[in-house]
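Numbering (my numbering), first residue to last: 845 to 974.
Inspection log for the structure reproduced underneath, given as structure tokens.
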Amino acid sequence: MTEYCIKSKQKFSDIKCNLDITIDKFEKFYEIYPEIHTNDNAKGFHIMIQGFDHIIESIPTMSNGISGFLNAVKQMPRMTTELNRSKKLMIDTLEPFLNYLYSIEQSFIMLKRKGLDLLNSLPDKNEIYQ
845 MTEYCIKSKQ KFSDIKCNLD ITIDKFEKFY EIYPEIHTND NAKGFHIMIQ
895 GFDHIIESIP TMSNGISGFL NAVKQMPRMT TELNRSKKLM IDTLEPFLNY
945 LYSIEQSFIM LKRKGLDLLN SLPDKNEIYQ
């Protein structure tokens with residue numbers, strides 16, 4: 845169980861790092877997009893923003909699964925010292941990651957709003973829907 849905890853902690857760390865990079869890149873993209881905006885790429889930009897809906901919808905499902913697993917781990921009875929340490933390590937790994945997922949959901953919601961605001965502020969936006 846300890847080995848699983850250590851691997852999970854590393855995977856969660858990798859996921860967190862990749863999501864943080866993704867959000868940072870979208871923020872930077874939003875800064876330069878007005879300079880490269882054309883009606884041709886506006887439709888693609890709109891589709892990209894719609895993709896945020898899929899991410900936003902998937903986070904609660906993932907969070908619920910992790911939360912259920914966390915609750916199961918918390919309800920495990922006390923056993924050997926090694927298993928108790930593993931249980932604590934798993935809880936200490938899952939709780940921060942679960943909190944991170946809740947915060948990242950808000951970040952993607954903000955990215956979507958910011959993208960929609962940006963798209964609506966650019967010229968010729970109505971032409972992309974024709």
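Where a beta carbon is used, it is the ideal one built from N, C-alpha and C, also for glycine.
These figures come from a predicted structure and were not determined experimentally.
The C-beta separation of LYS956 from PHE896 comes to about 4 Å, placing the pair in contact by the 8 Å criterion. With 16 or more other Cβ atoms inside 10 Å of its own Cβ, GLY959 counts as buried. The Cβ-Cβ distance between CYS849 and SER947 does not fall below 8 Å. At a Cβ-Cβ threshold of 8 Å, ILE910 and LEU933 do not count as neighbours.
Going by DSSP, ARG957 is part of the alpha helix (DSSP H) stretching over 925–965.
In the structure shown, THR905 falls within a helical segment according to DSSP collapsed to helix, strand and coil. THR846 carries a helical assignment under DSSP once its states are collapsed to helix, strand and coil.
Note that the C-beta distance between LYS918 and ILE893 is not below 8 Å.
Annotated three-state conformation of MET892 is helix, per DSSP.
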